[in-house]
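In what follows, a structure is listed as structure tokens, so that the remarks can point back to it.
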Amino acid sequence: MEKKGIKPGKEYSTDEIADMIGMSRSSIEALLRLLASKGLVELRERVVEEYVLTDEARKYLEEGFPEEKLVRLLVRAGGELGVEEVNKVLGKEAGIALANASRKGWVKIQAGKVVLVIDPSRAVAEERAALEKIMRGERLSQQELRMLRRRKLVDVKRKRITLFSLPKSVPELLSSVVVEVGALTRELIESGRWRKVRLREYDVRAQPPKRLPGRLNFFAQFIEHIRDIMKELGFTEIEALPVELEFWNYDVLFQPQFHPARAPSDTFYLSSPSEAQLPEQLAENVRIAHEEGIAGSTGWRYKWDPRKAARLILRSHTTAVSARILSTRPSPSFRYFSIGRVYRVETIDPKHLPEFHQVDGIASEDGVNLRWLIGMLSEFLERLGFREYKFRPAYFPFTEPSVEGYVKIGETWLEILGAGLFRPEMLATLGVDYPVAAWGMGIERLAMALYDLRDIRQLYSTDVEFLASMPSRWWIYAGTKI
Amino acid sequence: MPVLRFKPGRVEEVLGLSLRKALEVMERLKIEVEIDQEGYVVAELEVDRPDMYSLEGIARQVNGILERELGLPRYSVVDTDYVIEADDVPTRPYIVGLVVWDVDIDEDYLVELIQFQEKLTTSHGLGRRRIAVGIHDLEKMPSKHLMYRFEHIDSVVFKPLHTGRLMKLRDVLRELEQGARYGTISLMDEKHPVLYAGDEVISVPPVINADVTRIEPGTRHVFVDITGTELKPVLDVAAIFAANLAERSKSRRIGLVTVKAPWGELKEPKLEPRKTSITTSTVNSILGLNLSGDELARHLQRMRFDALPLSNTKIDVMVPRFRIDILHEADLAEEVALSIGLENIAPIKPRTMLRGRLLGIRYWEREARAILVGYGFVEVKTYTLTSCEDQEKIVGIEREKLITISNPVSIEANCFRASMIPALLRLASRNQHLVPLKIFELGEALEKKEAIKVPGVAPVKAKKLITLLMMDEKIGYEDIQAIVYGLVKLLSDKISEVDRVEKPFLIKGRSALIKTEKGLRIIIGEVNPALLELLEIKYPVVIAEIDYSSLYDKEVSYQGGAAVPRP
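So the protein sequences, as listed, match chains X and Z. Residue numbering for the first sequence follows our numbering, beginning at 222 and increasing consecutively. Residue numbering for the second sequence follows our numbering, beginning at 5 and increasing consecutively.
Laid out in structure tokens, this is it:
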């Protein structure tokens with residue numbers, strides 16, 4: 222600043238500083254206020270009068286003052302002209318021109334004629350010089366001001382201006398200043414300059430900027446949690462293709478071919494590939510079970526169609542996976558589970574999806590019966606964190622007896638699982654000669670309840686911000702009371 | 005599952021209980037009940053108990069549970085002169101008839117009767133395809149001599165129910181709502197089943213009855229015809245109809261109707277109970293209880309079976325004809341459980357100790373996911389049902405390889421995904437405001453496999469995939485390459501081969517196929533800007549699709565078509 226000539230103690234307006242530094246006045250003001258708040262400069266506000274040229278003044282400056290025009294007219298006329306002629310040529314300005322030119326002693330009026338008495342080259346209105354001064358921003362003397370105001374050539378406006386002054390010389394100021402910086406940088410550390418700077422203090426209560434983390438998907442994590450619970454309960458995981466033969470999904474499970482679920486209104490059929498080969502021997506067992514009955518059952522008494530059984534579908538439940546492992550006649554004691562997607566013809570809405578996840582468990586050991594099953598289900602629900610649950614009788618085509626499990630979440634009872642002992646017809650078809658307990662649970666509905674979601678589609682959210690900022694409900698995994 | 009709706013006053017009247025108590029007992033019988041906004045009782049029944057699709061059927065069961073009546077319900081089954089002579093009706097050969105006296109239809113019951121008929125023919129009748137029921141006012145029947153024929157649709161003229169004008173059968177099938185819904189079920193070569201009483205048409209099963217025998221409030225006795233494509237379900241439904249109507253009848257009188265048909269002659273519904281037996285030890289071992297023969301017999305009687313303990317080990321059981329769900333001893337065991345009530349059966353906690361195991365590959369998957377999150381990726385989960393067009397046009401998978409669905413819910417979901425790339429690109433398109441974006445999904449995709457046909461296994465190949473996507477102001481091959489190389493290394497694997505690859509969705513010369521020692525196959529590259537433009541993505545995108553199927557196959561073994569943990 223000093224280089225450009227700012228002297229300590231002298232007052233400058235912000236306009237002047239802006240001119241000197243080449244910055245806008247508003248930036249300069251903001252900076253000066255900051256410096257003033259630190260006591261480095263002094264600021265003073267003052268109200269000043271500012272003179273503004275009137276429209277008339279601007280016109281005179283451009284076209285010439287009326288008295289100047291009169292002089293030029295007289296020069297052209299040879300030094301004198303009749304008053305009437307003057308009036309005619311100068312029009313409305315003639316009166317002003319005559320009055321001022323006479324007052325200034327430039328002309329005389331003799332016998333109805335206006336006579337030039339001054340050397341025309343000196344006939345310059347002194348008001349012109351004063352107006353030009355205003356335009357240059359120079360100050361006027363009181364006399365000049367009076368002169369202009371008399372002819373209504375200026376208006377006066379009041380204006381608030383900021384005046385600035387340096388209390389000390391610039392080197393003195395700089396030596397007393399500690400520079401404040403926003404961030405500690407490598408450059409500051411390496412150069413040792415960090416000693417001279419001060420790190421700006423934060424408003425520590427202000428909200429921080431948003432940062433999205435990498436995240437595991439909360440619903441995928443919930444599914445992993447269920448896997449772990451099953452493992453904890455002594456179950457071994459199995460898995461099979463989601464494309465299934467109707468055979469494994471329905472026929473092996475003793476679900477008759479006329480069952481309403483076995484229709485395009487409920488089950489997804491494949492157009493390509495559309496069918497597979499049936500395992501011959503097992504297919505014959507299934508036919509007998511359905512048509513004639515097996516293991517003391519009356520059977521369904523209808524004509525079983527192997528072509529229907531060979532059709533390919535998207536599995537409607539993970540029980541199909543359990544049927545596959547049972548067909549290998551594992552020797553008890555065993556516990557198997559699978560988790561996978563299942564498919565049902567549903568239109569997508571906040572409560573339904575055509576695909577969702579199920580967990581399916583089967584078990585056999587000495588003493589498997591309805592009470593054991595209820596005991597196992599209770600243990601599963603307890604490990605999920607439920608302390609309030611109940612069982613109700615139910616119907617599934619492939620289990621008998623069958624039960625449904627309900628858990629209490631908040632004030633509502635939610636039906637979450639279906640279970641039972643596999644029907645003797647199904648077991649006999651597979652050549653299994655021991656009782657097998659089975660159960661299945663849809664995962665989405667439970668996840669929705671535990672995560673307080675209103676729309677099932679949120680579990681498959683495509684909103685990455687939602688997924689990344691979803692608060693963890695870690696306590697769900699703790700298995701403590703829900 | 006069938007959902008029925010009853011007037012609350014009727015529930016109280018027929019069950020003889022206060023509404024609260026009635027709902028409580030219904031819950032015990034596998035019926036889910038609630039009260040709707042108009043105060044009606046909405047009952048959701050299981051499909052195994054069509055004999056409870058009417059209030060009288062429910063009351064019959066409730067009477068047992070409350071011990072008002074025990075054992076088999078008794079009806080008076082008598083002979084009648086009604087005869088149905090059936091011709092060969094190829095599309096719907098089977099027909100039986102029945103009469104029930106003193107049903108005394110009033111306005112409320114008319115609604116319930118129609119609901120009963122609708123629910124039976126919808127669920128068990130497979131939307132009238134398998135079974136249809138026609139109910140007639142017995143006193144309006146023009147004749148006791150009925151004929152069931154297969155007639156040309158232009159040769160039959162009658163006044164259909166509620167139309168009030170004579171119509172040609174062809175027009176009935178074409179113009180009436182029922183015609184549109186059920187008109188094609190039994191139609192063949194312009195011929196359709198027609199039931200006559202004397203000379204008059206009384207029904208064109210399974211579409212509509214004639215107006216002449218219309219039931220209405222004030223109808224006292226009814227005639228019912230049941231037609232279908234198989235004899236057994238026709239007889240089952242006839243038995244259920246006869247028994248449930250008779251429950252309402254003061255005289256409980258049911259009339260037998262003779263049927264003479266090409267497939268045989270019969271006189272039904274006799275409602276003869278079926279005799280079977282149970283062993284106490286079997287039932288006890290299913291339930292985990294230790295009940296005596298007398299106790300078991302008592303529970304079965306409460307469920308409306310006749311049960312006679314022959315010894316302490318064996319019980320003779322008579323199953324009412326309408327209980328078509330009782331196929332096996334196990335079904336009777338459940339009846340005992342219902343009588344006892346599940347809440348009265350104490351659970352036993354399993355005591356056997358077994359070692360639980362996950363498929364070994366799960367641990368690799370968990371590590372891979374955790375590493376990717378460490379790289380700042382957000383895990384997403386998308387649907388496996390996707391648009392065939394996306395699979396074909398975006399990733400260039402041939403139509404022949406895709407698993408296609410014949411009855412999709414929408415064209416957005418007519419294929420099982422073969423790649424997750426389309427889903428992730430669409431997701432990226434929707435999240436451009438979040439740039440830089442890093443997302444991944446781990447999941448299963450499927451492709452058709454023609455080569456080998458294994459009996460019992462779908463000709464389908466499962467692909468286990470992890471798909472990665474990165475999008476930023478400026479991003480390229482090296483950025484995704486760095487992540488993939490890092491991931492492979494951190495999973496204790498090694499890159500064994502890297503080759504340039506040409507894929508329509510990737511930029512040529514900026515895409516590669518990477519193989520690893522453990523068998524991963526990884527496609528990586530920069531997404532073709534033409535595709536980005538198509539998906540309205542304004543930023544460059546790089547992707548990687550890691551196929552770890554062969555690693556999966558090495559980490560599991562297969563039994564019965566199911567993957568199980570390696571021994």
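Cβ atoms here follow ideal geometry from the backbone N, Cα and C, with glycine treated the same way.
Test item: CB-CB of residue i and residue j under 9 Å
i	j	result
residue 257 of chain Z	residue 104 of chain Z	yes
residue 89 of chain Z	residue 140 of chain Z	no
residue 33 of chain Z	residue 342 of chain Z	yes
residue 464 of chain X	residue 407 of chain Z	yes
residue 135 of chain Z	residue 232 of chain Z	yes
residue 273 of chain Z	residue 243 of chain Z	yes
residue 107 of chain Z	residue 216 of chain Z	no
residue 99 of chain Z	residue 199 of chain Z	yes
residue 246 of chain Z	residue 64 of chain Z	no
residue 525 of chain Z	residue 550 of chain Z	yes
residue 628 of chain X	residue 602 of chain X	yes
residue 409 of chain Z	residue 491 of chain X	yes
residue 536 of chain X	residue 448 of chain Z	no
residue 571 of chain X	residue 564 of chain X	no
Residue(s) in a DSSP beta bridge with residue i
i	result
residue 550 of chain Z	Z:470, Z:526
residue 582 of chain X	X:558, X:660
residue 331 of chain X	X:334
residue 607 of chain X	The partner list for residue 607 of chain X (beta bridge, DSSP) is empty, contrary to what the question assumes.
residue 373 of chain Z	According to DSSP, residue 373 of chain Z bridges with nothing at all.
residue 641 of chain X	X:623, X:659
residue 280 of chain Z	Z:321
residue 140 of chain Z	Z:227
residue 81 of chain Z	Z:258
residue 154 of chain Z	Z:197
Expected contact under 8 Å - CB spacing of residue i and residue j to nearest Å
i	j	result
residue 250 of chain Z	residue 113 of chain Z	With 8 Å as the limit, residue 250 of chain Z and residue 113 of chain Z do not qualify as a contact, their Cβ atoms being about 14 Å apart.
residue 380 of chain X	residue 269 of chain X	6 Å
residue 471 of chain Z	residue 492 of chain Z	So it is not a contact: roughly 15 Å between Cβ atoms.
residue 450 of chain Z	residue 464 of chain Z	5 Å
residue 301 of chain X	residue 336 of chain X	4 Å
residue 278 of chain X	residue 366 of chain X	At roughly 13 Å, the Cβ-Cβ gap does not stay under 8 Å, so residue 278 of chain X and residue 366 of chain X are not in contact.
residue 386 of chain Z	residue 427 of chain Z	4 Å
residue 509 of chain Z	residue 399 of chain Z	6 Å
residue 653 of chain X	residue 642 of chain X	About 12 Å separates the two Cβ atoms, so there is no contact after all.
residue 666 of chain X	residue 635 of chain X	7 Å
residue 85 of chain Z	residue 329 of chain Z	Not quite, the Cβ-Cβ distance comes to about 34 Å (not below 8 Å), so this is no contact.
Partner residues on chain Z for residue i, Cβ-Cβ distance less than 7 Å
i	result
residue 703 of chain X	Here the premise fails: no neighbours, minimum Cβ distance about 19 Å.
residue 699 of chain X	Those do not exist, as residue 699 of chain X stays about 19 Å from chain Z at its closest Cβ, beyond 7 Å.
residue 438 of chain X	383, 384, 385
Interface partners of residue i on chain X, CB under 7 Å
i	result
residue 294 of chain Z	Near residue 294 of chain Z there are no residues of chain X at all, since even the closest Cβ is about 11 Å away, more than 7 Å.
residue 52 of chain Z	616
residue 361 of chain Z	452, 457, 458
Interface residues of chain Z facing residue i [CB-CB closer than 8 Å]
i	result
residue 490 of chain X	409, 410, 411
residue 546 of chain X	563, 564, 566, 568
residue 461 of chain X	565, 566, 567
Cross-chain neighbours of residue i in chain X, by beta carbon under 9 Å
i	result
residue 358 of chain Z	454, 455, 456, 457, 554, 555, 556, 584, 586
residue 47 of chain Z	None at all; the shortest Cβ gap to chain X is about 14 Å.
Chain-ordered neighbours of residue i on chain X, where CB pairs are closer than 8 Å
i	result
residue 289 of chain Z	590, 656
8 Å Cβ cut-off: residues of chain C touching residue i
i	result
residue 381 of chain Z	Note that chain C does not occur in the displayed structure, where the protein chains are X and Z.
Partner residues on chain Z for residue i, Cβ-Cβ distance less than 9 Å
i	result
residue 513 of chain X	Simply none; closest approach about 12 Å.
residue 499 of chain X	459, 460
residue 410 of chain X	What residue 410 of chain X touches in chain Z: nothing, since even the nearest Cβ is about 27 Å away.
residue 576 of chain X	387, 388, 389, 417
Is the region 513-530 of chain X close to the region 539-548 of chain X, with three or more CB pairs under 8 Å? no
For the region 530-550 of chain Z against the region 427-436 of chain Z, do three or more pairs of beta-carbon atoms, one drawn from each stretch, fall closer than 8 Å, so that the two count as touching? Flag = yes, the region 530-550 of chain Z and the region 427-436 of chain Z touch.
At a cut of 8 Å, does the region 341-361 of chain Z reach the region 614-622 of chain X through at least three beta carbon pairs? yes
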